[in-house]
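2 protein chains.
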Amino acid sequence: MVILMARYSKENRRKVLGEALTNHPFFTDEELAERFKVSVSTIRLDRGELGIPELRERTRAVAQGAYSTLKSLNEQEVTGRLLELVIGERARSELLIDESMVLAKARVARGQYLFAQANSLAIALVDAPMALTGSVELKFIRPVQLGKVVVAEGNVLKRIRSKYWVEVSLNVDSQEVLRGNWILFSIGDLEDVRETEME
Amino acid sequence: MVILMARYSKENRRKVLGEALTNHPFFTDEELAERFKVSVSTIRLDRGELGIPELRERTRAVAQGAYSTLKSLNEQEVTGRLLELVIGERARSELLIDESMVLAKARVARGQYLFAQANSLAIALVDAPMALTGSVELKFIRPVQLGKVVVAEGNVLKRIRSKYWVEVSLNVDSQEVLRGNWILFSIGDLEDVRETEME
DNA sequence: TTTATAATTGTGACCAGGTCATAAATGCGG
DNA sequence: CCGCATTTATGACCTGGTCACAATTATAAA
Numbered sequence: 005m006v007i008l009m010a011r012y013s014k015e016n017r018r019k020v021l022g023e024a025l026t027n028h029p030f031f032t033d034e035e036l037a038e039r040f041k042v043s044v045s046t047i048r049l050d051r052g053e054l055g056i057p058e059l060r061e062r063t064r065a066v067a068q069g070a071y072s073t074l075k076s077l078n079e080q081e082v083t084g085r086l087l088e089l090v091i092g093e094r095a096r097s098e099l100l101i102d103e104s105m106v107l108a109k110a111r112v113a114r115g116q117y118l119f120a121q122a123n124s125l126a127i128a129l130v131d132a133p134m135a136l137t138g139s140v141e142l143k144f145i146r147p148v149q150l151g152k153v154v155v156a157e158g159n160v161l162k163r164i165r166s167k168y169w170v171e172v173s174l175n176v177d178s179q180e181v182l183r184g185n186w187i188l189f190s191i192g193d194l195e196d197v198r199e200t201e202m203e
Numbered sequence: 005m006v007i008l009m010a011r012y013s014k015e016n017r018r019k020v021l022g023e024a025l026t027n028h029p030f031f032t033d034e035e036l037a038e039r040f041k042v043s044v045s046t047i048r049l050d051r052g053e054l055g056i057p058e059l060r061e062r063t064r065a066v067a068q069g070a071y072s073t074l075k076s077l078n079e080q081e082v083t084g085r086l087l088e089l090v091i092g093e094r095a096r097s098e099l100l101i102d103e104s105m106v107l108a109k110a111r112v113a114r115g116q117y118l119f120a121q122a123n124s125l126a127i128a129l130v131d132a133p134m135a136l137t138g139s140v141e142l143k144f145i146r147p148v149q150l151g152k153v154v155v156a157e158g159n160v161l162k163r164i165r166s167k168y169w170v171e172v173s174l175n176v177d178s179q180e181v182l183r184g185n186w187i188l189f190s191i192g193d194l195e196d197v198r199e200t201e202m203e
């Protein structure tokens, strides 16, 4: 007696295999063989045919690519490059809108990056080991396209003890694209944060 | 005649080795041996002593870590989980504030995540293959702590052809933490985007 | 049913970049 | 010169492959 497993056809298997490996690149050939109920040799053949490299190559590719992107993301703690900073007074930063920041279709920067640049500039202006965004009012004025350099300018308008009023303006080709007013608190102690009531 | 290379002392070599591998994890033992002018065995010994795994392990670690973070970043296309969506009317989403979203020290969510949740909800409300944030006015009312679930509620207030007025409110434990008003354009064609003048 | 062809599976030799244990060589202070 | 730390070498083994080739199995056509 022979039990026939319902398998994929060759084309189907290859299609599914390709998809599986793009979504989840860390399978060994052995694991794939089990999953598809074929031999390891078949999997190797399939990979060969599909031009998919071996596990280690795939891992290396992910690691390399991801490493550089994550590194650049990390450096975005202060999003953009600080050009000028007089703590408690004024600051400027610039940010190049790259592939990773745009909406796939529109090639236009996602709002959060512009916000992040403005917000981090506001925080940098506050002379404290830690600053907290209390309240913001902002206006996105126009979209920013891939490849543009956004220049952020921030100014401290007023300060009363640990409370700062900061104004930030983002410009592209000397046209304003975002403007906002921040109220920030400079804090040293965590307890302050947890209990601070902002209004 | 013997030419003595100026090498590192054992401690120094190990210190530098450790630093080198954290900044640049893709060196093989052989490359390291050349760099430090010692044998491969010595490098292996050093790694053993320092508890640094082999190249493939390191690559795997970078790839795995980076992969999941990048994936989650990607999934933030619509930040948060959609709970309800009546296109053109109202929508709700929720977002759990996790480790990756908080400021290291304050354990408080970075503003861009809240903005991203609100912004993506606003965009989801617009019945179009693509939507563009034209203008936003928003107010961050209070900080959100690690582990909290943020519930976003969005409502379309008005619509004139492709122009939408949307109001979004974010709440934690039924306290409002962010409120904003969006003006969005629903678009089908890229050319529209590039030339759209928003005011 | 037989047979031609496609698809799959297995085999053996080889590779990189290691692990681990053990042994041999070298450097250097007292 | 001894003795100990340090470095280097050696050989067996591991994983997750590569490549070339042969053997087996499935399937459809004559």
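First to last, the protein sequences are chains A and B. If you read the first sequence in my numbering, its first letter stands for residue 5, the second for the next number, and so on. If you read the second sequence in my numbering, its first letter stands for residue 5, the second for the next number, and so on. Backbone N, C-alpha and C define an ideal beta-carbon position, used for all residues, glycine too.
Cα-Cα separation, K167/A to S190/A: 7 Å
Using a C-beta cutoff of 8 Å, does K152/A count as contacting chain B? no
Which whole-angstrom value is the C-beta distance of L87/A and R96/A, which I expect to be below 8 Å? 4 Å
Could you confirm whether any beta carbon from chain A is found closer than 8 Å to the beta carbon of F144/B? yes
Roughly how many angstroms lie between the CA atoms of F119/A and I101/B, to the nearest whole one? 18 Å
Going by beta carbon distance, what residues of the same chain come within less than 7 Å of V44/A, once the five residues before and after it are set aside? D33, E34 and A37
Give, in chain order, every residue of the stretch 156-175 of chain B whose Cβ lies closer than 7 Å to some Cβ of chain A. none
Please classify P133/B: is it buried, with 16 or more other beta-carbons within 10 angstroms of its beta-carbon, or exposed? Only weak support exists for where P133/B lies, its pLDDT of 49 falling under 50; the coordinates are left without a value.
Would you say L99/B and Q116/B are within 8 Å of each other, going by their C-beta atoms? no
For R114/A, which three-state DSSP category applies? coil
Does the distance from the CB of V170/A to the CB of A126/A come in under 8 Å? yes
Run of the beta strand (DSSP E) containing I164/A, from where it starts to where it stops: V153 to I164
Quick one: list the residues of chain B neighbouring G237/A, beta-carbon separation under 8 Å, in chain order. A query on residue 237/A cannot be resolved here, the shown segment of chain A reaching from 5 to 203 and no further.
In three-state DSSP terms, what is Y71/A? helix
Distance, N175/B Cα to V181/A Cα: 28 Å
What are the boundary residues of the beta strand (DSSP E) that K167/A is part of? K167 to V176
Please report the distance separating the alpha-carbon of D177/A from that of L49/A. 53 Å
Pairwise C-alpha distance: V140/B and F144/A: 5 Å
Neighbourhood of V130/A by C-beta distance below 7 Å, restricted to the same chain and skipping five residues each side: Y168, L188 and S190
Going along chain A, which residues have a C-beta under 7 Å from R60/B? R60
By the 7 Å beta-carbon criterion, what residues does the stretch 95-108 of chain B contribute toward chain A? none
Does the Cβ of N16/B have 16 or more other Cβ atoms within 10 Å, making it buried, or fewer, making it exposed? exposed
In the DSSP assignment, find the beta strand (DSSP E) that holds S94/B and state where it starts and stops. The sequence shown places Arg at residue 94/B, rather than the Ser named in the question. R94 to L100 is the span of the beta strand (DSSP E), which, as asked, contains R94/B.
Here's a check: name, in chain order, each residue in its chain whose Cβ is nearer than 7 Å to the Cβ of V112/B, leaving out the five neighbours to either side. V106, P147, V148 and Q149
My understanding is that T26/B touches T63/A, with C-beta atoms under 8 Å, so please give their C-beta distance in whole angstroms. At roughly 19 Å, the Cβ-Cβ gap does not stay under 8 Å, so T26/B and T63/A are not in contact.
In the DSSP assignment, find the unbroken alpha helix (DSSP H) run with R51/B in it and report its ends. V44 to L54
Rounded to the nearest angstrom, how far is the Cβ of G92/B from that of V172/B, given a contact under 8 Å? Not quite, the Cβ-Cβ distance comes to about 15 Å (not below 8 Å), so this is no contact.
Using a cut-off of 7 Å between C-beta atoms, extract the partners of R64/A located in chain B. T63
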